[in-house]
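Just so you know, the protein sequences line up as chains U and P, in that order. Position in the first sequence counted from 1, then plus 1207, gives you our numbering. Position in the second sequence counted from 1, then plus 240, gives you our numbering. Glycine included, every Cβ here is placed at the ideal spot set by N, Cα and C. Everything on this sheet refers to the single structure shown next.
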Amino acid sequence: MYLTRSPLTLSTLIDEVASADRGGIVSFLGTVRDHHGGREVRALSYSAYDPMAESVSAEIVAEAAARWPVRIALQHRLGDLEIGDVAVAIAVAGGHRDEAFAACRYVIEELKRRVPIWKKETYSDGTVEWVDQGAANSEGRRGTATQ
Amino acid sequence: MSAEASSPSVIRVQLFASYAERLGQHVIELPADGVRTAGDVLDRVRALPSGAAIGASTLVAVNLRHAPRDTPVKAGDEIAIMPPLAGG
């Protein structure tokens, strides 16, 4: 399972991928920022299209493991998170650092591009917004105008 | 998800995140008549009240895979209409 509602612990992921023949371990943590678009963020909530997020995550991990000789652990947290909480954690272990860095970068970039997860931010003034909302508004108008 | 719950002439569409909120529902059932592609599904959903919220960057998934607009669809497929992603 790549999705979890529990706090993420990097050491658990590292333990999953580490072994005596893998001399390079690269990790990435994505944490909750306290600002977005010039506004102060107080908290946020992640939700997903769970079955698709699981299967696309598995695909991405398999692609990276096919391309580089590495082992990969990936988890994304869902639900309510606070500032500084870890939202996504990746650990990649390879024989050497080059493939571990490359595979880790691939996994986070593809996750952001392809895994169906969304976030809703609560700002310090109490307003709550989906992060996609600005884009959806402007593109919605453009989309309907061209049809 | 529950293809057997839908009649053969109905296309069942899941909405997510801001789209579910704007349209006020997580699942929409559309008459399958004349719906051949993912793009047709998108057009039908956009024609609903508040459907204008569904923008040009909208993603469609068919059976858990990202689907270009010309992907064929049929009743019983698991179809999702998704706003731009924001994971990570």
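- G328(P) has a beta carbon lying within less than 8 Å of a beta carbon in chain U.
- Within chain U, the residues placing a beta-carbon under 8 Å from that of A257(P) are S1254, W1325, K1327, W1337 and D1339, ordered along the chain.
- Taking all protein chains in view, the Cβ of S1226(U) is surrounded by fewer than 16 other Cβ atoms within 10 Å, so the residue is classified as exposed.
- Under a 10 Å Cβ-count criterion, K314(P) is classified as exposed, with fewer than 16 other Cβ atoms of the shown protein chains found around its own Cβ.
- Neighbours of V1233(U) in chain P, taken as residues at a C-beta separation under 7 Å, are lacking, since the least C-beta distance is about 16 Å.
- Of all residues in the region 1285-1297 of chain U, only A1294 and V1295 place a beta-carbon less than 9 Å from a beta-carbon of chain P.
- Residues of the region 1213-1230 of chain U with a C-beta less than 9 Å from any C-beta of chain P: none at all.
- The alpha-carbon separation between A1271(U) and P289(P) amounts to approximately 42 Å.
- Secondary structure at L1288(U): strand, using DSSP grouped into helix, strand and coil.
- Across the set A1298(U), V1239(U) and G1286(U), the C-alpha of A1298(U) shows the shortest separation from the C-alpha of V1277(U).
- Judged by pairs of C-beta atoms under 8 Å, the region 1326-1337 of chain U touches the region 1249-1266 of chain U, as three or more such pairs exist.
- Contact note: P308(P) does not reach chain U at a C-beta cutoff of 9 Å; the least C-beta distance is about 14 Å.
- Among the residues facing chain U, A272(P) is not included, as its CB has no counterpart in that chain under 8 Å away.
- Judged by DSSP in its simplified three-state form, I1324(U) adopts strand.
- G1245(U) and V1224(U) have their C-alpha atoms roughly 38 Å apart.
- Listed along the chain, the chain U residues whose CB falls inside 8 Å of the CB of A301(P) are Y1256, M1259 and P1323.
- Per the Cβ contact rule, the region 1257-1267 of chain U is in contact with the region 300-309 of chain P (3 or more Cβ pairs under 8 Å).
- Between G1333(U) and chain P, the shortest Cβ-Cβ separation is not below 8 Å.
- With a cut-off of 8 Å on Cβ pairs, the region 259-272 of chain P is in contact with the region 291-300 of chain P, counting three or more such pairs.
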